Structure formats: C-alpha cells, structure tokens
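Working notes for the structure below.
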Amino acid sequence: MNLAAAFVAAALWLAAFPASGLPLDLSAEEKTWIAAHPAVRIAVDPSWKPIQYVENGRDAGLVSEYLSAIERRTGLKFVLVPHTGWDEVTDKLARADVDVLPATLRQFTSPEVAKYIDLTDVYYAGSTVVVTRDRFRSVFHLDRLDGGTVALKSGGAYFALIRRLYPGVKVLPTQSSEEALLAVIDGRADAALGLEAAVSPLLRRKYDGMLHVSGVLAHVPLELAMGVRKDLPVLRAILDKALDSLTAEETDEMDARWLERADYGAPSLQVLLRYYRVHISLAVAGLLLIGFFALYAHRQHRLALRSEREKSMFLAVMSHEIRSPMHAILASMELLQRSVVSFDARRLVGIVAGGAQNLLRLLDDVLDMSKLDAGRVQLQLRPVDIVELTRGITDLLAVQARDQGTALTVQERRPIACRMLLDPLRVGQILRNLVGNAIKFTPGGSVSVSPWLEMQEGECADGLLHIEVTDTGIGMDDSTRQQLFQPYCQGSAVTIGRFGGTGLGLAICRELVQLMHGSMEVDSAPGRGTTITVHIPCRIVASGVERPSDNDGQATNPAPTVAGTALRVLVVEDNLVNQEVLLAQLSSLNCTTDMAPTGSAAIRALGESSYDIVLCDCDLPDMSGYALTRDWRRREAARRHGRIPILAVSASTDHRHMAACFDSGMDGVLTKPYTLEKLRDALQLWCSRTLAEAHCDTAAHLDPSEIRRALLADVEALRRACMSNDHPAAVHHAHRLVGAAEALRAGSLAQAARVFEARLASSTPMDAMLSTALLDEMEMLARRWTPTGR
0 MNLAAAFVAA
10 ALWLAAFPAS
20 GLPLDLSAEE
30 KTWIAAHPAV
40 RIAVDPSWKP
50 IQYVENGRDA
60 GLVSEYLSAI
70 ERRTGLKFVL
80 VPHTGWDEVT
90 DKLARADVDV
100 LPATLRQFTS
110 PEVAKYIDLT
120 DVYYAGSTVV
130 VTRDRFRSVF
140 HLDRLDGGTV
150 ALKSGGAYFA
160 LIRRLYPGVK
170 VLPTQSSEEA
180 LLAVIDGRAD
190 AALGLEAAVS
200 PLLRRKYDGM
210 LHVSGVLAHV
220 PLELAMGVRK
230 DLPVLRAILD
240 KALDSLTAEE
250 TDEMDARWLE
260 RADYGAPSLQ
270 VLLRYYRVHI
280 SLAVAGLLLI
290 GFFALYAHRQ
300 HRLALRSERE
310 KSMFLAVMSH
320 EIRSPMHAIL
330 ASMELLQRSV
340 VSFDARRLVG
350 IVAGGAQNLL
360 RLLDDVLDMS
370 KLDAGRVQLQ
380 LRPVDIVELT
390 RGITDLLAVQ
400 ARDQGTALTV
410 QERRPIACRM
420 LLDPLRVGQI
430 LRNLVGNAIK
440 FTPGGSVSVS
450 PWLEMQEGEC
460 ADGLLHIEVT
470 DTGIGMDDST
480 RQQLFQPYCQ
490 GSAVTIGRFG
500 GTGLGLAICR
510 ELVQLMHGSM
520 EVDSAPGRGT
530 TITVHIPCRI
540 VASGVERPSD
550 NDGQATNPAP
560 TVAGTALRVL
570 VVEDNLVNQE
580 VLLAQLSSLN
590 CTTDMAPTGS
600 AAIRALGESS
610 YDIVLCDCDL
620 PDMSGYALTR
630 DWRRREAARR
640 HGRIPILAVS
650 ASTDHRHMAA
660 CFDSGMDGVL
670 TKPYTLEKLR
680 DALQLWCSRT
690 LAEAHCDTAA
700 HLDPSEIRRA
710 LLADVEALRR
720 ACMSNDHPAA
730 VHHAHRLVGA
740 AEALRAGSLA
750 QAARVFEARL
760 ASSTPMDAML
770 STALLDEMEM
780 LARRWTPTGR
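Here the sequence shown is numbered in numbering that gives the first Met the number 0, starting from 0 and rising by one per residue.
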C-alpha cells in the first residue's frame, strides 16, 4: 500500500469515531429515526442535587452531563418538560408527552411508571448511606431503627420502597437531601437516607463534625438507568449504544465535575468554626484589640479635647476676671501718683503699678502660649508697611528705653518701598518681645532694629523679610543660648533675680515665626551683646510706599511738643457709666469730647463735624461697632475724605474679635484694662500729637446719683427681659452691666453680672429662683454704689 492510500484509509477509520470516546456504530434505521425525531422530551427530578436538578429553567447535575455527551455523539436534542410531581410525569408518559426519564432507579421503579417504560443499561451505580449525629450507633440495616424516624427525600419509587420494606420505621418526607440532613440536626429525625454521591459533599461542605455516615445499606444499592417509553425501542437502542461509547476518562471527568465540585451554597458557621477556629479566633482577637485601642484612642482624644476646652475656658475666664480688677488697680495707681506729693509715696505707688503691669504682661503671654500650643492661632494677612510698623513699636517702647537710659533706633539697611502680606498683630508682637527683651537686658546701652527685604530671583512677587534686633547688653553663653526658646526658661539665677521675666516671650516669638514658616537666628556672647535675626517669607503686594523721612540712627521717640488746639474725640458708647469714665479720662487729657450713644448718631456726628479720632464700643443698640466702621469707611471712600482713625475700646482679647475689628476697617484696639497713660499713648500715636500731662482726678467727673440711676435702669431692663423670656435682650443688658461695673471697678457687682451673663450663655436654662436672687443682689449692689467703692 502506498503512502496516499494509507492516509485515506486512516481518515476513513477516524471518521467512524464520534467527537470523543469509542466508535458509535448506528444502524441505518437508527440514523433515520434520529433524523425524523431530533428532539427528545425528558422529565427530571428538580431537587436531587447533584444527581439531577433544575437550575434557571435548565436541567443540571451528573445526569445532564451524560445527556450532553449523548447529544454530542448522536445529534439528538433533549428538551426539558416541566412538571409538578411524579404523578404528573406518569400522566405525561401515558399521553406520550414525555419520551425519557434519564435518572430512573433500576430496582426501585414503581409499577405505575414501569408499565410505560423500558430501561437502558445501568450507567451509574452508588450506595445508600445512613447519616446520624455523632454519638448515634452504627447502622447497616434499617431494622435497627424500628420505632425511630428516618428522613428521606419524598417522591419516586425509592421513597415508596423504603416505606414498604421497613414498616416499623417512621419515614419523614423532605423536599431535598439537604432538608433530610437538617431534620437530623434539629431532632425531627434520628437518621437520614440518601445516595452517597449526593450526601457526602453536603456533609463535608456544611455539616462536618455535626453529622456522620453511620453505615451503608448494602442490600439497597442505587443503580441509575434511563427509562424510555415502550413504544420507542429504537431510541432505547440509540441511548444504549451512546452510553456504551463513553470512556472511563469521560465518566471520571463528569463525576468529578458534578459530584465533587457541585456548589452546595456557603459553608455553615459550624463548619467554618471547625476548620478555621484558630484563624477566626486570632482574627476576632485582633479585631477586639483594634476596637479596644480605637475606642481608647477615641476616648483619650475626647478627653484631650475636653481638657483643652476647659483649659481655654479657664484661661478666657481668668483673663476676663484678672483684667477687670487690674484695670482698677492701674487706674487707681495712676490717679494716686498724680495726687500724692511725698517722694516715698510716689515711689511705692510706682512699684505697685509696675507689678500690675508685669502681671498683665504675664497674663497675655500665658494666653498666647496656650493658643499656640493648641494650634488655635490663625494668621490674618493684610498689606503691611514693615518700616512704619517697626517705628510704631519702637515709639511705644521709647518710654521704657528712656527710663533705662537705652538708645533705641530704627535703621534701614536697604530702603523698603513696598508693602507685603503679613499679620501686623503677630509681627508687631514679635517685635515688641524682641525689642522689649533687648531694652531690658541693655541698661545704659543701645538697641537697634533693622528691617530689610530680600527679593527672590525671577518674576514671582515673593521675598524674604529680615528683621535684625541688635543690643549691646549683657549677652549670653552657649548653655543659655541653647535653652533660649524653651518656655519658662530664663537663664541663670543671677539673671532672673536681676531682670525678672517669665521666659515666655522668646518662646512665643519662635512659635509665631514657625507659624509663618520662618526661622530665627541668635548670635551672642557674654559681655558682647546679642543679635537676633528673624527671617519671614512673604508676598509683595504693593510698591511705591511714601513715609515721612527721618534721620537714620536717631531715636524714634517724638519731640515733646504740645498741640496748640485740643484734640477732638468722638466716643461711640451707649452705656452711661462707660461714657462718664471715658469723658473723665479724656477731660484729664484736655480733649474735647462728643458722645454718640448709637451707631446712627455716630454717622450723623461724623458727617456734620470734624474729629481727630473715634473711640468706638463694639456692642451698640442699633448696629455693631464693626458695621459702623464699615459704613463710615464706605462714606469716606465715596466722599474722598481723609481717613479718621477709629479705635475699638473693648475688654475682649480673643483672636476672633481682633480680626473682626481690623477686617471692618478699624485701625487699632484699646484693650481693657488700660491706663490713662496707655490711652494718652494711643491718642498720640494715631493723631500725631503730643498731649500734655494732666493732673486731674477722674472721680471728680462722675456724678454718683446719675451712675446709680443708670445701673438700676440696666438691672430693671434685665429683669423685664428675663420675665418676658427675651433672651437676646437679657444677654445685651447683662453685658452692659458687666462693662459698666468693670469700668466703675465695682467688683461685687461685676462678679454678679458676670455670673448672670455666663448662665445666660449656658445651654442649661437658668433656674427661676437663682435668676431672682442674682437680680436682687445686683439691684442692692447698684443702690449701694459710691465712688469710694471703686
């Protein structure tokens, strides 16, 4: 045989084989039947998983694999016929509506069905197993379960056979093999019967450790065959030949796919705990630990926030409480200094006033340090002329320098003809601390302040501001310099005893500079003086600044010239007591004063008269001091009038209040407690005038009867507001009483009014008895007030 003939013969031989498996030898009659009847109708058990079941309207399971293999070999197409039960299937067989029952138990076919079908050869054989709980005895024959209950999937000949063979056993019908197992678990049955291939995967997947195979019923084997209608012998022959053509490899693959890999749903919790109890225990322990630490951290965070709030509240209250009596001390000391003649008495009074000023500075430093530690300081950037700001600070410190015999100068290394975005309040605070420290440690020497700007290369409008403060003072060694910026560190005991201080000023400077993303450098040696340089990055926003020229190197304090005309001051204040106190202080400075009790009255007064400066309360009856300032600044811009300095007069020192003042267009804030000298300095600074010293007792300008009437009117208005539940009005009048009592330095009345104001601000409603008691106490204190009680 030549090579070509050999290839032809091999091709003809291979064509006799199906797509897979052994050769399928169909007769001409069988091929003709397939061509005439390509669709074969089948009926299956919808819930005999994994043997056969219905899923999404299609047959599935092990039997469906055999049917698919037959379809591939013969070209037949099996069509699923839906039904409601085996009684309906029997009827459909009788009416020839069903052709094949693909999963028929050979030895358990019921007589009703057997008369309509012939069986093919067996294509799958399995054993019947008995499943019980773990401590149940072994069962190899159901006679041992006489009197007991056996759960079994209902329907079909197998169910009827068990009932017939074992009448002493109670049979509990179930809808599926899994339901039969559940009946054993919950105690409704003593055992469950099922095909090993169907039951074993369920035991491993869901009920491992809870249920066990206690025996095999050897006399009840399960043999699967296909039942074909008796009037279709050709079809039966075709099925037998197709099943016979399956190889061992193919059947193994089908068994593995449907008996071992069948999806029986999620494993039960008991199975998961049995197989993964160590992993689950570790995971639960880990989650509990994480939850514990998270809860602990959350609790500690809340405690820290609460502690911070309480600390802030304490500092705010203490600031308010200390400032009011401090105002009384400073004002009294100032008036006393003007009235006493004896040198020793004046010296003692000066010591008391100096101690009060030091205590006030300490309070400010502690508050600033607390805010910086809590991260509650926010920068309010606005265009600043740094040279003018520096001169303003040195002007304020010129008296201190003069008292110590220290020469204080401002030197411009390079002219700065532009404005830069800075926080003037915080930069001024840095300058005050640095220059004030330099003056304190340089008695009889000199202190110079040198600001200059270093522009960055390129077109960006960014620069680096340098401020250098140099003194010829005592200097410091390396150990002192290393702890210079630590809070409450003040160097050696000799230095502390000689110069005093709290050790907070430079620490606050460092924190503020770092907040501005800047840095500080210190160069110092004992006996050689100290140079502290501050570097602050900034953005340039304007150029072409014009300012009065002065001689470099000359002292910045102005020449003592007295103005030829009195300073005209408009006081915007609705509280009679505060009006009287301010009027007395301004009169002692020889100022001409007009009073405006409301914001609208102030607008009219500003439009009709010319004033050098405005002192404005921020809590007015018709509008706030902020709104008044914004309104007047708009009118100034529209009329192109010269800018009138407006200063807020307030006991508030919080950042929000300060920011609101500057944002509204105010030029500064006169913070209580303020001395007459501080008021004089502020007027001189903003009005470019030097006011003459005045020797006048403020108390002489106060009418006690008018003051008492005003206090009683506020108490009565507060009482009416409380009786009518008008909370905003009550808050307003309580605040007025606080301010009036503080201005009069009436400590008891101020304390009672502050308590009332705090209770109004609280979220808890005030008790009626407490409200009445406080109101009665305030009324009594107002009636008894006398100037000597200040």
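The beta carbon of each residue, even a glycine, is placed where N, CA and C say it ideally should be.
Because the structure is a prediction, the values reported are computed rather than measured.
Q.
Which residue wins for smallest C-alpha separation from L759, given the options L582, A728 and D775?
A. A728
Q) Could you give the distance in angstroms between the alpha-carbon of I385 and the alpha-carbon of M419? A) 8 Å
Q) Are the Cβ atoms of V215 and S109 separated by less than 7 Å? A) no
Q | Cutoff 8 Å; reference L669; Cβ partners in own chain excluding five residues on either side | A | L614, L646, A647, V648, S649, K677, L678 and A681
Q: Please look up how many angstroms separate the CB atoms of M225 and V99, rounded, as I've assumed it's under 8 Å.
A: 6 Å
Q.
The beta strand (DSSP E) that contains S523, what's its start and end?
A. S518 to A524
**Q.** Cross-strand partners of L104 (DSSP beta bridge)
**A.** L223
Q: Spell out a yes or no on whether the segment 702-722 and the segment 775-785 are touching, meaning 3 or more CB-CB pairs, one atom from each, closer than 8 Å.
A: yes
Q: Determine the direct distance from the alpha carbon of G208 to that of R233, and round the result to whole angstroms.
A: Residue identity differs from the one stated: residue 233 is Val in this sequence, not Arg. Those two C-alpha atoms are separated by around 50 Å.
**Q.** Min CB distance L748 to chain B below 7 Å
**A.** Among the chains of the structure shown, chain B does not appear; only one protein chain is present.
Q.
On the criterion of 16 or more Cβ atoms from any shown chain inside 10 Å, does D611 qualify as buried, or is it exposed?
A. buried
Q. Roughly how many whole angstroms lie between the Cα atoms of A416 and I539?
A. 10 Å
Q) Since E453 sits in a beta bridge, which residues does DSSP pair it with? A) L463
Q: Let me know the secondary structure DSSP gives W631 once reduced to three states.
A: helix
Q) What whole-angstrom Cβ distance do L194 and L171 have, given they're in contact under 8 Å? A) Contact flag wrong, Cβ pair sits at about 17 Å.
Q. Below 7 Å between beta carbons: does that hold for L463 and H534?
A. yes
Q. Based on Cα-Cα distance, which residue from R134, W85, T131 and V129 lies nearest to A113?
A. W85
Q. On the three-state DSSP scale, how would you describe A745?
A. coil
Q: Excluding the 5 residues preceding and the 5 following L780 in the sequence, name in chain order all residues of the same chain whose CB lies nearer than 6 Å to its CB.
A: S747 and L748
Q) Among T469, D476, R527 and R413, which residue has its Cα nearest to the Cα of E453? A) R413
Q) Is the beta carbon of D470 less than 7 Å from the beta carbon of T441? A) yes
Q: Would you mind stating whether D616 and E572 have Cβ atoms separated by less than 7 Å?
A: yes
Q.
In whole angstroms, give me the CA-to-CA distance for T73 and L245.
A. 12 Å
Q: Identify whether T127 lies in helix, strand or coil by the three-state DSSP scheme.
A: strand
Q. Could you give the C-beta distance for A791 and V468, rounded to a whole number, given that I count them as a contact under 8 Å?
A. Outside the modelled stretch of the chain, which goes from 0 to 789, sits residue 791, for which no answer is possible.
Q. By DSSP, does A416 sit in helix, in strand, or in coil?
A. coil
Q. Given that a residue counts as buried once 16 or more other Cβ atoms are within 10 Å of its Cβ, and exposed if not, what is G404?
A. exposed
Q) Terminal residues of the continuous beta strand (DSSP E) containing V121? A) First-last for V121: undefined, no H or E at that position.
Q.
Rounding to the nearest angstrom, what Cα-Cα distance links T173 and L201 in this structure?
A. 16 Å
Q: Please name the residue in E178, R401, P450 and Y165 whose C-alpha comes closest to that of L151.
A: E178
(Q) Please state the DSSP three-state secondary structure of E54. (A) strand
(Q) Taking a contact to mean a Cβ-Cβ separation below 7 Å, would you say A745 touches E776 in this structure? (A) no
Q. For the alpha helix (DSSP H) that contains P172, what are its first and last residues?
A. Not the alpha helix (DSSP H): P172 falls in the beta strand (DSSP E), residues K169 to T173.
Q) So, L359 versus I392, is the Cβ gap smaller than 7 Å? A) no
**Q.** Same chain, Cβ closer than 6 Å to R162, five either side skipped, listed in chain order
**A.** V170
Q. Taking Cβ positions, are S523 and R567 nearer each other than 7 Å?
A. no
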